[in-house]
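Enquirer:
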Amino acid sequence: MSWTDERVELLKKMWGEGQSASQIAKELGGVTRNAVIGKVHRLGLSNRNSGGAKAAEPKEKPAAAPAAAAPKPAAAPKPKPQPKTEPARPAAAQPAADAKPATPARRQIIPAGQPLPPQPSANEISPEALAKVNEVEKKAKKLGLMELTERTCKWPVGDPATEDFWFCGLPAQQGKPYCEAHVGVAFQPMSSRRDRRR
DNA sequence: CCCTGATTCGC
DNA sequence: GCGAATCAGG
Numbered sequence: 001m002s003w004t005d006e007r008v009e010l011l012k013k014m015w016g017e018g019q020s021a022s023q024i025a026k027e028l029g030g031v032t033r034n035a036v037i038g039k040v041h042r043l044g045l046s047n048r049n050s051g052g053a054k055a056a057e058p059k060e061k062p063a064a065a066p067a068a069a070a071p072k073p074a075a076a077p078k079p080k081p082q083p084k085t086e087p088a089r090p091a092a093a094q095p096a097a098d099a100k101p102a103t104p105a106r107r108q109i110i111p112a113g114q115p116l117p118p119q120p121s122a123n124e125i126s127p128e129a130l131a132k133v134n135e136v137e138k139k140a141k142k143l144g145l146m147e148l149t150e151r152t153c154k155w156p157v158g159d160p161a162t163e164d165f166w167f168c169g170l171p172a173q174q175g176k177p178y179c180e181a182h183v184g185v186a187f188q189p190m191s192s193r194r195d196r197r198r
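Residue numbers (UniProt numbering): 1 to 198.
Below, the structure written as structure tokens:
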């Protein structure tokens with residue numbers, strides 16, 4: 001693959017949108033994130049610093065700087081909110097408080113989108129699967145909300161309002177938001193739904 | 001571990 | 001110019 005105008009354009013566009021190099025690489029296809037990053041640099045749009053990008057403070061010794069620069073005039077020549085369309089996702093799980101968005105809005109934001117499980121509610125799931133889940137929960141990595149990634153099981157365990165709340169965190173299956181065990185109880189063939197005899 | 005971008009350097 | 005390997009964080 002070569003950097004055709006179109007590809008470069010898409011690259012610029014996506015980079016401008018704050019997409020990560022890997023995402024861009026995935027989108028373009030035929031290139032690795034390294035290739036993308038390399039290109040980005042060659043194009044000179046590495047950091048989207050406000051105009052200028054002076055950069056280059058190698059490692060110059062701070063040279064003392066005794067008086068601790070008191071003046072300090074302005075310092076925010078960035079009144080440009082940039083219409084980034086960050087898909088600040090609408091609280092996937094509703095772990096009530098607890099979740100503190102430690103991630104600087106920009107970029108990424110776990111796609112997650114997937115519907116979170118209805119929690120072990122009144123499900124009539126195969127006892128088999130349930131047992132498996134209980135078993136797996138012992139091995140769970142008990143990750144916090146922020147530790148979740150695209151390949152960690154996002155199955156929540158416990159009461160979000162308690163300290164006893166965490167996410168499975170085991171390796172999720174390709175394409176699925178959960179690990180094997182949880183995929184098992186999360187996606188029911190829609191048959192065992194049978195109305196329990198009343 | 002997973003992921004980021006940044007740099008280097010042989011091609 | 002290109003991008004894998006490597007580096008430096010989170």
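Cβ atoms here follow ideal geometry from the backbone N, Cα and C, with glycine treated the same way. Remember, it's a predicted structure, so these values are computed and weren't measured experimentally.
So, for Ala181: in the same chain, excluding its five sequence neighbours on each side, which residues have a beta-carbon less than 6 angstroms away from its beta-carbon?
Expert: Only Lys132, Val133, Val136 meet the Cβ criterion.
Enquirer: Which value, in whole angstroms, describes the spacing of the CA atoms of Pro160 and Met146?
Expert: 14 angstroms
Enquirer: Going by DSSP, what residue range makes up the alpha helix (DSSP H) through Leu145?
Expert: Element bounds for Leu145: n/a, residue is neither H nor E.
Enquirer: Compare the beta carbon distance of Ile24 and Leu11 with 8 angstroms and say whether it is the shorter of the two.
Expert: Yes, they are a contact pair.
Enquirer: For Val31, which of helix, strand or coil comes out of DSSP?
Expert: coil
Enquirer: For Trp15, collect the residues of the same chain with a Cβ closer than 7 angstroms to its Cβ; drop the 5 residues on either side in sequence, then sort them by chain order.
Expert: Ile24, Val40, Leu45
Enquirer: Can you give the Cα-Cα distance for Arg107 and Val36, rounded to whole angstroms?
Expert: Note that Arg107 has pLDDT 46, beneath the 50 cutoff, so the model's placement of it is unreliable and the number below is only indicative. Linking Arg107 to Val36 through their CA atoms gives a straight-line distance of about 16 angstroms.
Enquirer: Report the option in Lys142, Glu9, Arg7, Val31 whose CA atom is closest to the CA atom of Ala163.
Expert: Looking at the sequence itself, residue 163 is Glu, so the reference to Ala does not match. Looking at the Cα atoms, Lys142 is the closest of the given residues.
Enquirer: Sort Ala129, Trp3, Glu150 by Cα distance to Thr32 and report the nearest one.
Expert: Trp3
Enquirer: Hey, out of Glu27, Trp166, Thr149, Gly158, whose CA is closest to Gln173's CA?
Expert: Thr149
Enquirer: Return the bridge partner residues of Pro171 from the DSSP annotation.
Expert: DSSP lists Thr152 as partners of Pro171.
Enquirer: With H, G and I counted as helix, E and B as strand and the rest as coil, what does DSSP make of Trp3?
Expert: In the structure shown, Trp3 falls within a coil segment according to DSSP collapsed to helix, strand and coil.
Enquirer: Using DSSP bridges, identify the partner residues of Val157.
Expert: Trp166
Enquirer: Secondary structure at Leu43, three-state DSSP: helix, strand or coil?
Expert: Note: Leu43 maps to coil in three-state DSSP.
Enquirer: Among Gly184, Gly30, Arg7, which has the Cα closest to the Cα of Glu128?
Expert: Gly184
Enquirer: Measure the C-alpha to C-alpha separation of Lys139 and Lys26 and round it to an integer number of angstroms.
Expert: 32 angstroms
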